[in-house]
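Here this note's numbering is used: the sequence shown runs in plain steps of one and ends on residue 437.
Step one of this worksheet: look at the structure below.
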Amino acid sequence: MNNAKQQEITERISPGARISNWKDWKWQLRHAIRDIFTFEKVTGIKFEPDERELLERTAAKFPLCITPYYLSLIDTDDYRNDPFFKQSFPSPMELIVEKYDMIDPLAEDKDSPVPGITHRYPDRVLFHISNICSMYCRHCTRKRKVGDVDSIPTKDEITKGIEYIKNTPDVRDVLLSGGDPFMLSDEYLDWILTELRKIPHVEVIRIGTRMPVVLPYRITDGLVEVLKKHHPLWINTHFNHPRAITESSKEALRKLADAGIPLGNQSVLLAGVNDCPRIMKKLVHKLVQNRVRPYYLYQCDLSEGLSHFRTPVGKGIEIMESLIGHTSGFAVPTYVIDAPGGGGKIPVMPTYLISWSTNKVILRNYEGVITTYKEPDNYEPIFCDRNCKDCKLQLKLDEAEEIKAVGVEKLLCDFDDTISLTPGNTDRIERRTDRKYDE
């Protein structure tokens, strides 16, 4: 978007504001669009009275909040077909609640042992560290929380979550979520990451954020410096459409990638937004160009008010058929349904295994080629007595030593602390052994 358009929108939002305000993420938050009247004023879009009444009713139940940056991406000449409009602006169809819709479809509250923690999988937890977002996405699976009083959990509240993680040694992976974790100040986020890094069994910390999509100016140099202190750190973001990868979002992704942070993307399949093989292929290509690995493609959840966004599962399979084999393997996300009731993510992929027998499998490829793979006639698994602790077979899982110094080499090398070599069968060593037994 050019500076002239940015300046025009800036002044409509805040008369007298300068273009320099536009890239100030805190200014963007202060001037987020939160009502229909302001939306009309800033965009020039006008709704008929009957439609405006329905929109007001929708926003009363599921509030409106759009950052000026994200609003600026809307094509006002064709807004009803625009992917940014559909993802950010209320639709009266959100008031339609189907009989199978659920308030908490993923049972996050039921799987919460302490406030802020969702512990569903054996070795990882979701840690809600923020209750606010810079924008309310209309397809949010946590629509039940949208409209709650915006708040940042206190240190006491966060500490309870940290204590749960500390007292649960099985947890090796912590995913920071919300809301959006990047709504926290740099200092507060630094404190949380520091406390988690003190826990020996926490191997990996992940952060889920939509800031590179809806407010890329939040990815400041100061934030990046904080994040760099806490490796290994992974970040997953949420691009749903290739047009969202703007010059500003590219800059945000560049800063994160240059800081050595692996980036992933989780898209949601949305009717009228990205339910098209060409759109999804363009999206994954633009993601990998910007060093972001497509991670998941989600089937839209069964949250209340999302029925107009849902596609048949067959549409997702069609999209996966258009990606697998047709583009780079690392550009293909895993298509999943997050099971209602808290069952977790279930991969739903095209079927490539056609049939099999005791020693042969029949496969097909993306082109429709059907082929066979011959399995071994004699396969003898290594005997396992299930005594993993004392396994002498294959279960050596610690890092291999790159080199093992022997003899005088031990005294010369820098990676071994040996200071002397002493034969083991001298009288002196035997006397030491005798004294040890005497004592």
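Even for Gly, the Cβ is constructed at its ideal location relative to N, Cα and C.
Euclidean distance between Cα positions of Lys39 and Lys248: 29 Å
Status (buried if at least 16 other CB within 10 Å, exposed otherwise) for Glu437: Its pLDDT being 47, under 50, Glu437 is placed unreliably by the model, and the measurement read from it follows with that caveat. So Glu437 ends up on the exposed side.
Apart from the five residues just before and just after Ser265, which ones in its own chain have a Cβ nearer than 8 Å to its Cβ? His236, Phe237, Asn238, Asn272, Met278, Leu281, Pro292, Tyr294, Leu295, Tyr296 and Pro331
Please return the same chain residues whose Cβ sits closer than 6 Å to the Cβ of Ala242, not counting the five positions on each side in sequence. Val211
Where does Asp184 fall in DSSP's three states? helix
Can Met181 and Cys131 be called in contact, C-beta distance under 8 Å? yes
For Ile11 and Thr139, what's the separation of their Cα atoms in angstroms? 29 Å
Within 10 angstroms of its Cβ, does Cys63 collect 16 or more other Cβ (buried), or is it exposed? buried
Among Tyr98, Pro167 and Phe45, the one whose alpha carbon lies nearest that of Thr74: Phe45
In the structure shown, what three-state DSSP assignment does Pro81 receive? helix
Alpha carbons only, please: which of Gly176, Pro113 and Ser149 is nearest the one belonging to Lys158? Pro113
Classify Tyr67 as buried or exposed, calling it buried when 16 or more other Cβ atoms lie within 10 Å of its own Cβ. buried
Pick out whichever of Pro81, Asp336, Asn129 and Glu161 has its Cα sitting closest to the Cα of Arg136. Pro81
Since Asn234 and Gly262 are thought to touch, with beta carbons under 8 Å apart, how far apart are those beta carbons, to the nearest angstrom? 4 Å
Would Thr207 and Asp178 qualify as a contact pair, given that the criterion is a beta-carbon distance under 8 Å? yes
Identify whether Lys253 lies in helix, strand or coil by the three-state DSSP scheme. helix
Return the chain-ordered list of same chain residues with a C-beta closer than 8 Å to the C-beta of Tyr435, the five sequence neighbours on each side being excluded. Low confidence applies to Tyr435: its pLDDT is 47, below 50, so where it sits in the model is not reliable enough to give any reading.
Look up Gly42 in the DSSP assignment and say whether it is helix, strand or coil. coil
Three-pair Cβ contact test at 8 Å for the region 165 to 176 versus the region 107 to 124: yes
Limits of the beta strand (DSSP E) - the one that Leu225 falls within: Looking at the DSSP string, Leu225 is not in any beta strand (DSSP E); the run it does join, the alpha helix (DSSP H), is Asp219 to Lys226.
Assuming Ile94 and Ser320 are in contact, meaning their beta carbons sit under 8 Å apart, how far apart are those beta carbons, in whole angstroms? No, Ile94 and Ser320 are not in contact; Cβ-Cβ is about 30 Å, not under 8 Å.
Mind checking whether Ile43 and Tyr77 have CB atoms under 8 Å apart? yes
Would you please state the rounded distance, in angstroms, between the beta carbons of Leu194 and Val200? I believe it to be under 8 Å. 6 Å
State the start and end residues of the unbroken alpha helix (DSSP H) segment that holds Lys372. Note, Lys372: premise wrong, no alpha helix (DSSP H); beta strand (DSSP E) at Ile368 to Lys372.
Secondary structure, beta strand (DSSP E): runs of 3+ residues fully inside the region 108 to 165: 115 to 119 and 122 to 126
Any 3 or more C-beta pairs closer than 8 Å across the region 122 to 129 and the region 150 to 166: yes
Among the residues of its own chain, which have a CB less than 8 Å from the CB of Ile163, if the five just before and after it don't count? Ile115, Val123, Phe125, Val169, Val172, Leu194, Ile197 and Val200
Between Leu267 and Thr325, how many whole angstroms is the CB-CB distance? I'm expecting something under 8 Å. Between Thr325 and Leu267 the Cβ distance is about 17 Å, and since that is not below 8 Å, they are no contact.
Contact belief for Ile190 with Leu231 at Cβ below 8 Å, rounded distance in angstroms: 12 Å between Cβ atoms; not a contact.
Helix, strand or coil: how does DSSP classify Pro310 here? coil
Of the residues Gly342, Gly312, Val367 and Trp25, the one placed nearest Ile352, counting alpha carbons only: Val367
With DSSP run on the structure shown, which of helix, strand or coil describes Pro275? helix
Are Ala105 and Thr65 touching if we call contact CB-CB under 8 Å? no
Between the Cα of Asn376 and the Cα atoms of Arg204, Glu399, Lys358 and Cys274, which residue gives the shortest distance? Lys358
Distance check for Ile317 and Arg276, CA to CA, integer angstroms please. 8 Å
Where DSSP assigns a beta bridge to Asp171, which residues make up the other side? Arg122 and Val202
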